[in-house]
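Trainee:
Residue numbers (the numbering used here): 32 to 339.
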């Protein structure tokens, strides 16, 4: 899993999971690299959040406050129950660190444990993003969080896959739980999700299916900055592909870019463009042939776009 942040001066920060093994719940560091020349050169990678005694740090997710220049990095600490013999975690606690010097140094971690306990779905696994959140025109910082129950002893159909948001209206000093996307019988289950603020001020949440099967994306809309969401609908405009996290970013004007594998399996990283605020994605170009998994997109102040 990866994330990209673009600071007000076009400094780029990239973060990825440094996996010691292939398992999602195996030992992971979070690795950082920085670029101050538009992505032409990068600093060596280092562990901004190191794995100690097998810790599994996951789901790096940036959000940048463009007023203060502070950048926040959300991530989760994943754990398995003793009887869990799978590669997936049962629980995850969300943490956030921040930097006020363009990613050179980072604060001590803050735990957001307990922030989602009021939701009535027995959620125990909480995964930020991944990728990046957004800052709304109001100044609000907004990040998606995907959720589910434990997996040990729980059938997939009963895991209550869902997504909500966290937000800050005080430049990241405090973080509050936003609303969850409606769940229930006949409603598509959602998971890892991306955000886009439209020109009319509404916020669009674009999500993979919670189960990870080959389905279209799920779309929900908020008219109050992420405090509540519409019932999700399926979006067929980008086609069907393997359930995977995607990149989503505004480009220039009403153009929106969307990156994802363009195959039933995770192959051929493709970027699509929308000319109608993300309502439809009619044009696409393959940017990498071969294996293609999770991705993120970052738009610098000019026309340059970076994909990770």
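Using N, Cα and C, we set each Cβ at its ideal position, and we do this for glycine too.
Taking the beta strand (DSSP E) that residue 103 belongs to, which residues open and close that run?
Mentor: The count along the chain shown starts at 1 and reaches residue 103 at position 72. Here the beta strand (DSSP E) through residue 103 covers 102-110.
Trainee: At the level of alpha carbons, what is the spacing between residue 203 and residue 332?
Mentor: The residue labelled residue 203 in the question sits at position 172 within the chain shown. The residue labelled residue 332 in the question sits at position 301 within the chain shown. So the two alpha carbons sit approximately 23 Å from each other.
Trainee: Please classify residue 149: is it buried, with 16 or more other beta-carbons within 10 angstroms of its beta-carbon, or exposed?
Mentor: Residue mapping note: residue 149 aligns to position 118 of the chain shown, counting from 1. By the neighbour-count rule (16 or more Cβ atoms within 10 Å), residue 149 is not buried but exposed.
Trainee: Excluding the five sequence neighbours on either side, which residues of its own chain have a C-beta within less than 6 Å of the C-beta of residue 66, listed in chain order?
Mentor: Taking the chain shown and counting its residues from 1, the one referred to as residue 66 is at position 35. Only 43, 73 meet the Cβ criterion.
Trainee: For the beta strand (DSSP E) containing residue 320, name the first residue and the last one.
Mentor: For the purposes of this step, residue 320 is identified with residue 289 of the chain shown, where counting begins at 1. Note, residue 320: beta strand (DSSP E), 314-322.
Trainee: Quick one: measure Cβ to Cβ for residue 279 and residue 227, integer angstroms, because I've assumed they're closer than 8 Å.
Mentor: Along the chain shown, read from residue 1 onward, the residue named residue 279 stands at position 248. Along the chain shown, read from residue 1 onward, the residue named residue 227 stands at position 196. Right, the Cβ-Cβ distance comes to about 6 Å (below 8 Å), so this counts as a contact.
Trainee: Identify whether residue 187 lies in helix, strand or coil by the three-state DSSP scheme.
Mentor: Mapped onto the chain shown, residue 187 falls at position 156. Three-state result, residue 187: helix.
Trainee: Could you give the DSSP three-state label for residue 267: helix, strand or coil?
Mentor: If you number the chain shown from 1, residue 267 lands on position 236. Note: residue 267 maps to coil in three-state DSSP.
Trainee: Give me, in chain order, the residues of the same chain whose beta-carbon lies closer than 8 Å to that of residue 205; leave out the 5 immediate sequence neighbours on both sides.
Mentor: As a first step, residue 205 must be located in the chain shown, where it is residue number 174. Excluding positions up to five away in sequence, the list reads 199.
Trainee: Using the three-state DSSP reduction, which class does residue 1 fall into: helix, strand or coil?
Mentor: As shown, the chain starts at 32 and ends at 339. That puts residue 1 outside it, with no answer to give.
Trainee: Do the region 165-175 and the region 134-153 touch if we need at least three Cβ pairs shorter than 8 Å?
Mentor: Output reads no: the region 134-153 does not touch the region 165-175.
Trainee: Check whether the region 265-272 and the region 318-329 are in contact - that is, three or more C-beta pairs closer than 8 Å.
Mentor: Output reads no: the region 318-329 does not touch the region 265-272.
Trainee: What is the DSSP secondary structure of residue 202, reduced to helix, strand or coil?
Mentor: Sequence index remark: in the chain shown, residue 202 carries index 171 (1-based). Three-state DSSP puts residue 202 in coil, outside helix and strand.
Trainee: Consult DSSP for residue 193 and reduce its assignment to one of helix, strand or coil.
Mentor: For the purposes of this step, residue 193 is identified with residue 162 of the chain shown, where counting begins at 1. Note: residue 193 maps to strand in three-state DSSP.
Trainee: Should residue 309 go down as buried or exposed, given a rule of 16 or more other Cβ atoms within 10 Å for buried?
Mentor: The residue given as residue 309 occupies position 278 in the chain shown. Residue 309 is buried by the Cβ-count criterion.
Trainee: Whole-angstrom Cβ separation of residue 215 and residue 257, contact assumed at under 8 Å?
Mentor: Looking up residue 215 in the chain shown gives position 184. Looking up residue 257 in the chain shown gives position 226. Their Cβ separation, rounded to whole angstroms, is 20 Å, which puts residue 215 and residue 257 out of contact at 8 Å.
Trainee: Go ahead and label residue 118 buried or exposed: buried means 16 or more other beta carbons lie within 10 angstroms of its beta carbon, across all protein chains shown.
Mentor: For the purposes of this step, residue 118 is taken as the residue at position 87 of the chain shown. Exposed, because fewer than 16 other Cβ atoms sit within 10 Å of the Cβ of residue 118.
Trainee: Hey, would you say residue 334 sits closer than 7 Å to residue 315, going by beta carbons?
Mentor: Within the chain shown, the letter at position 303 stands for residue 334. Within the chain shown, the letter at position 284 stands for residue 315. Going by C-beta atoms, residue 334 is not nearer than 7 Å to residue 315.
Trainee: Does the structure place the region 236-245 close enough to the region 123-132 that three or more beta carbon pairs sit under 8 Å?
Mentor: These segments do not touch.
Trainee: Assign residue 251 to one of three DSSP states: helix, strand, or coil.
Mentor: Reading the chain shown from its first residue, position 220 is the one you call residue 251. Residue 251: strand per DSSP, three-state reduction.
Trainee: Verify whether the separation of the beta carbon atoms of residue 260 and residue 212 is less than 7 Å.
Mentor: Residue mapping note: residue 260 aligns to position 229 of the chain shown, counting from 1. Residue mapping note: residue 212 aligns to position 181 of the chain shown, counting from 1. Yes.
Trainee: Mind checking residue 262: buried by the 16 CB within 10 Å criterion, or exposed?
Mentor: Residue numbering aside, residue 262 sits at position 231 when the chain shown is read from its first letter. Exposed.
Trainee: Quick check: what's the CA-CA separation for residue 70 versus residue 217?
Mentor: Start at 1 with the first residue of the chain shown, and residue 70 comes out as number 39. Start at 1 with the first residue of the chain shown, and residue 217 comes out as number 186. Between residue 70 and residue 217, the C-alpha separation is close to 44 Å.
Trainee: Using the rule of at least 16 other Cβ atoms within 10 Å of the residue's Cβ for burial, across every protein chain shown, is residue 84 buried or exposed?
Mentor: To locate residue 84, count along the chain shown from 1; it is residue 53. Classification for residue 84: exposed.
Trainee: Pick from 251, 178, 266: whose alpha carbon is nearest that of residue 313?
Mentor: Position 282 of the chain shown, counted from the first residue, corresponds to residue 313. Here the closest residue by C-alpha is 266.
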